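Protein chains in written order, with our numbering: chain A, 102 to 282; chain B, 3 to 525.
Structure, as structure tokens:
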Amino acid sequence: MVSRRSFIKSSMVAGLAPGLLHAQTADRHNDATVLVVDGDCADTRHFTRQCRLHRLEINDSIELVETLAQGGQARLFGLTRDSSYFIVASMSALHGYRLTYHGVHDFRDGQCRHQLRGEPDAMNALVANLPPAGALWTCALAEALPRLGNTQKAALIDTQCQAASATARRGHLVSWCVERV
Amino acid sequence: MKASASPAQPIDAANGKRALDALRTALGKDWVFAAGDQALDAYRDDYALAPHGDTRPWAAVAPGNLKQIQKVLEIARRYKLALWPLSTGRNLGYGGAAARQAGALMLDLKRMKRIIEVNERAAYAVVEPGVSYLDLAARLRKLGGRLWVDSTGSPWGGPLGNFLERGVGYTPYGQHSDTQCGLQVVLADGTVVDTASGIKARTDNLYRYSHGAWVDGLFNQSNFGIVTRIGVQLMPAPAGYRPYLVTVDAEENLQALLDALRPLSLEGLLPGRPTLMTLPRAAAYGATRAQYQTGAGPLRAQAHSRLMAEQARGYWNLYGAFYGAEALLDVHVRELQNALRAVPGARLHFADTRADDAAFKCRAALMGGAPSMDEYKTLDWVGAGAHLDFTAVLPFDGDVAQSASEAARELCHAHGFDDCAEFQLEPRALRLEIRLIFEREVVAQQRAAHAAVSALAARFVSLGHGSPRAHLAFMDDTAASYRWSDDALAHASAAIKDVLDAQGVLAPGKSALWPGRHSGRRK
Numbered sequence: 102m103v104s105r106r107s108f109i110k111s112s113m114v115a116g117l118a119p120g121l122l123h124a125q126t127a128d129r130h131n132d133a134t135v136l137v138v139d140g141d142c143a144d145t146r147h148f149t150r151q152c153r154l155h156r157l158e159i160n161d162s163i164e165l166v167e168t169l170a171q172g173g174q175a176r177l178f179g180l181t182r183d184s185s186y187f188i189v190a191s192m193s194a195l196h197g198y199r200l201t202y203h204g205v206h207d208f209r210d211g212q213c214r215h216q217l218r219g220e221p222d223a224m225n226a227l228v229a230n231l232p233p234a235g236a237l238w239t240c241a242l243a244e245a246l247p248r249l250g251n252t253q254k255a256a257l258i259d260t261q262c263q264a265a266s267a268t269a270r271r272g273h274l275v276s277w278c279v280e281r282v
Numbered sequence: 003m004k005a006s007a008s009p010a011q012p013i014d015a016a017n018g019k020r021a022l023d024a025l026r027t028a029l030g031k032d033w034v035f036a037a038g039d040q041a042l043d044a045y046r047d048d049y050a051l052a053p054h055g056d057t058r059p060w061a062a063v064a065p066g067n068l069k070q071i072q073k074v075l076e077i078a079r080r081y082k083l084a085l086w087p088l089s090t091g092r093n094l095g096y097g098g099a100a101a102r103q104a105g106a107l108m109l110d111l112k113r114m115k116r117i118i119e120v121n122e123r124a125a126y127a128v129v130e131p132g133v134s135y136l137d138l139a140a141r142l143r144k145l146g147g148r149l150w151v152d153s154t155g156s157p158w159g160g161p162l163g164n165f166l167e168r169g170v171g172y173t174p175y176g177q178h179s180d181t182q183c184g185l186q187v188v189l190a191d192g193t194v195v196d197t198a199s200g201i202k203a204r205t206d207n208l209y210r211y212s213h214g215a216w217v218d219g220l221f222n223q224s225n226f227g228i229v230t231r232i233g234v235q236l237m238p239a240p241a242g243y244r245p246y247l248v249t250v251d252a253e254e255n256l257q258a259l260l261d262a263l264r265p266l267s268l269e270g271l272l273p274g275r276p277t278l279m280t281l282p283r284a285a286a287y288g289a290t291r292a293q294y295q296t297g298a299g300p301l302r303a304q305a306h307s308r309l310m311a312e313q314a315r316g317y318w319n320l321y322g323a324f325y326g327a328e329a330l331l332d333v334h335v336r337e338l339q340n341a342l343r344a345v346p347g348a349r350l351h352f353a354d355t356r357a358d359d360a361a362f363k364c365r366a367a368l369m370g371g372a373p374s375m376d377e378y379k380t381l382d383w384v385g386a387g388a389h390l391d392f393t394a395v396l397p398f399d400g401d402v403a404q405s406a407s408e409a410a411r412e413l414c415h416a417h418g419f420d421d422c423a424e425f426q427l428e429p430r431a432l433r434l435e436i437r438l439i440f441e442r443e444v445v446a447q448q449r450a451a452h453a454a455v456s457a458l459a460a461r462f463v464s465l466g467h468g469s470p471r472a473h474l475a476f477m478d479d480t481a482a483s484y485r486w487s488d489d490a491l492a493h494a495s496a497a498i499k500d501v502l503d504a505q506g507v508l509a510p511g512k513s514a515l516w517p518g519r520h521s522g523r524r525k
């Protein structure tokens, strides 16, 4: 039976309105954390290799739906193209997940601009590590994302670094985390 | 074209409170969402088109069954509310979950998501409005995968809503108007109609007609009733399946290609719904425009050449599939090869050489009865993308299609967009879908997309091509293009509306069907 609460969440096309929400009951244990894999870009593949977590393939929509319906995952995160994020965020909303972190990684004119929105301390730590990492920014991200804390309040942080990146020409990637509320 | 949202019939505060109280009594307070409730944020056009204006609803309700819908209708009639029914609300290129005008009471049917029946022997399913293609495909997979679901490129939408919006899929069952088998409809006065059978016969959902007038089409793209159940024919998994791609390099050879394909199409030798994409449309599945060109404006010839070389595409890319036993597949392929001899530069490709073709993977999945969300990857073309679509119907004629394609490209380019179009091949007609892909947070691009669709609509009317579906913002103007014989079609529709929904409570303005109490808006 669908509850009022999950119904409300299911109605949102979450990917298009990244309002962050405090995740009250998220389980921090890695077993309950799932990495959503978008393997079509070099940077996203590199990111995936850095994260030793249970994986879910974005390209199998039915598996995604079934996994979400089974429950048990406290959080999902990924570094993906915008469309993959849009799909996961919207589908996971059907099962009571809400966005708790959202980052935009925009490559233009040899620079990578990172716009990060999430828990302030975590964002500050991430920002301190991203620019020095340069081309290996995906490593810094892979290390930080599974450790994100709950979002009591969100900060928006804007930074940039040299975009010596394998996917620099693609233009636009997003990192994100959704948690069961 | 003018902005077309305006407030629905207003309700005063005292009556509004009484109506909400009545709705809460009927449905339970959990399923009534009023001003200030976060749930109302869901009922908007997520690919907001700046000129379309405010379409915020007055309130929303989520009934769980037929009886509750009847109660809501009773209350809507009593308070003269404007009810806007929606099923999954995922028709994102045409307005999503938004209503036609502000102030509506959204009738959200997503809670009704039962797969009532899957009949494997007779190959059909009966589903409620909230069932998505993904839900249905998951059920069929659990049952062993002997039946395919024919999904659109947006499978979180569902069979019921897709049929009602005249949507299509890509297998031989892709003409959804032809594969629906029975509707359950609640009329505005609360009467429940079962179109397949009035006597609950043993052929319910097997044979779509009862006796006398066949009324199913009345509920398609209209506001004459609330469809609460649909029978959907399902395709038995064939003995074999072979997806293919035909590429043609030169843009000007569209005419030759379509004229070569027309005889095959008429003979039923191009099963399913082959889709002929322009270069940018096909490329967008697996690339971004930033990889090929920076800065504003449509892709230049140099970028086209690079795309064609690096992705082994033509300007024209036809994705199709054959179905049946191996020997039959070989015959089909030979027929296609013979036809393509008349087309300069045409090349035929199969899966073994298209492993890196993201468009091929997506289309092969859809044509093979497997829902795929990969169509959304085309929005990555511009980063954080959204889209607005314009669709026209043309005769299956190469000369006509060549002219239409050139007009579409000229207008897309004039508004700063790439030529992201596709022809969907039907036996005798072509559905030309022109997709404006824009950065969804950039208001200037929203406005440009809106202006482009206005220009496309005007040009295609002048060329004599109708549009079979329209975004909420363009429904009135689209309907106004069908004005033959002193608006006889509009008058006939209005007469039916007045009989079936005398108080005009159902979806005022849907597909430009305005009830009598909005008579000023009737054409």
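Quick reminder that beta carbons are idealized off the backbone N, C-alpha and C, glycines included.
It should be emphasised that the depicted structure is a prediction, and the values quoted were computed from it without experimental measurement.
Excluding sequence positions up to five before and after Val395/B, its CB lies within less than 6 angstroms of the CB of Ala431, Arg433, Gly468, Pro470, all in the same chain and listed in chain order.
Only Asp32, Trp33, Phe35 from the segment 19-35 of chain B bring a Cβ to less than 8 angstroms from some Cβ of chain A. Beta bridge pairing from DSSP links Tyr202/A with Cys278/A. Interface criterion not met: the Cβ of Asp139/A is under 7 angstroms from no Cβ in chain B. Contact annotation: Cys414/B and Arg437/B have beta-carbon atoms that are not nearer than 7 angstroms. Under the Cβ criterion of 7 angstroms, Gly272/A is counted among the residues facing chain B. Between Ala104/B and Asp56/B, the alpha-carbon positions lie close to 6 angstroms from each other. Under the Cβ criterion of 7 angstroms, Ser276/A is not counted among the residues facing chain B. Between His196/A and Arg218/A, the alpha-carbon positions lie close to 23 angstroms from each other. Look at the beta carbons and you see the segment 304-321 of chain B touching the segment 247-254 of chain B: at least three pairs across the two are nearer than 8 angstroms.
Residue-level contact check: Leu142/B does not touch chain A, since none of the beta carbons of chain A fall below 7 angstroms from its beta carbon. Leu438/B carries a strand assignment under DSSP once its states are collapsed to helix, strand and coil. The beta carbons of Met375/B and Ile188/A sit closer together than 7 angstroms. Residue-level contact by beta carbon fails for Met369/B and chain A, as no gap is shorter than 7 angstroms. Separation of the CB atoms of Pro59/B and Tyr45/B is rounded to 5 angstroms, and the pair is thereby assigned contact status at 8 angstroms. In its chain, beyond the 5 residues on either side, Gly155, Ser156, Cys364 have a beta carbon closer than 7 angstroms to the beta carbon of Glu377/B. Looking at the backbone, the Cα of His452/B and that of Leu508/B are separated by about 27 angstroms. Out of Asp207/A, Pro221/A, Ala234/A, the CA that lies nearest to the CA of Gly272/A is found in Asp207/A. Between the alpha carbons of Lys144/B and Ile163/A lies a distance of about 11 angstroms.
Contact annotation: Gly347/B and Pro276/B have beta-carbon atoms that are not nearer than 7 angstroms. Of the residues assessed, Glu312/B falls on the exposed side of the cut-off, its CB having fewer than 16 other CB atoms within 10 angstroms. Boundaries of the alpha helix (DSSP H) around Trp238/A: 238-245. Contact of Val282/A with chain B by beta-carbon distance below 9 angstroms is absent, the smallest such distance being about 12 angstroms. If you draw a straight line from the Cα of Asp139/A to the Cα of Ala194/A, it comes to about 19 angstroms.
Closer than 7 angstroms to the CB of Asp382/B there is at least one CB belonging to chain A. In the assembly as shown, Gln70/B is a buried residue. Its beta-carbon has 16 or more other beta-carbons within 10 Å. Inter-segment contact for the segment 121-135 of chain B and the segment 159-169 of chain B is present: three or more beta-carbon pairs are separated by less than 8 angstroms. Interface flag for Asp183/A against chain B is set, since a Cβ pair is found closer than 7 angstroms. Around Leu342/B, the same chain offers Val248, Ala262, Ala348, Leu350 as residues with beta carbons nearer than 7 angstroms, after the five sequence neighbours per side are excluded.
Interface annotation for the segment 145-166 of chain B against chain A: Pro157, Trp158, criterion Cβ-Cβ distance under 8 angstroms. In the DSSP assignment, His452/B falls outside any beta strand (DSSP E) and within the unbroken alpha helix (DSSP H) covering 445-464. The segment 389-404 of chain B and the segment 136-143 of chain B do not touch, with fewer than three beta-carbon pairs separated by less than 8 angstroms.
Note on Pro265/B: under 16 other CB atoms within 10 angstroms of its CB, so exposed under the neighbour-count rule.
When DSSP assignments are scanned along the segment 139-174 of chain B, the uninterrupted stretches of alpha helix (DSSP H) that are 4 or more residues long and fall wholly within it turn out to be 161-166. Within the segment 354-432 of chain B, complete beta strand (DSSP E) segments of at least 3 residues are found at 387-397, 423-427, given in chain order. Approximately 6 angstroms separates the beta-carbon atoms of Gly192/B and Glu76/B; this is inside 8 angstroms, confirming the contact.
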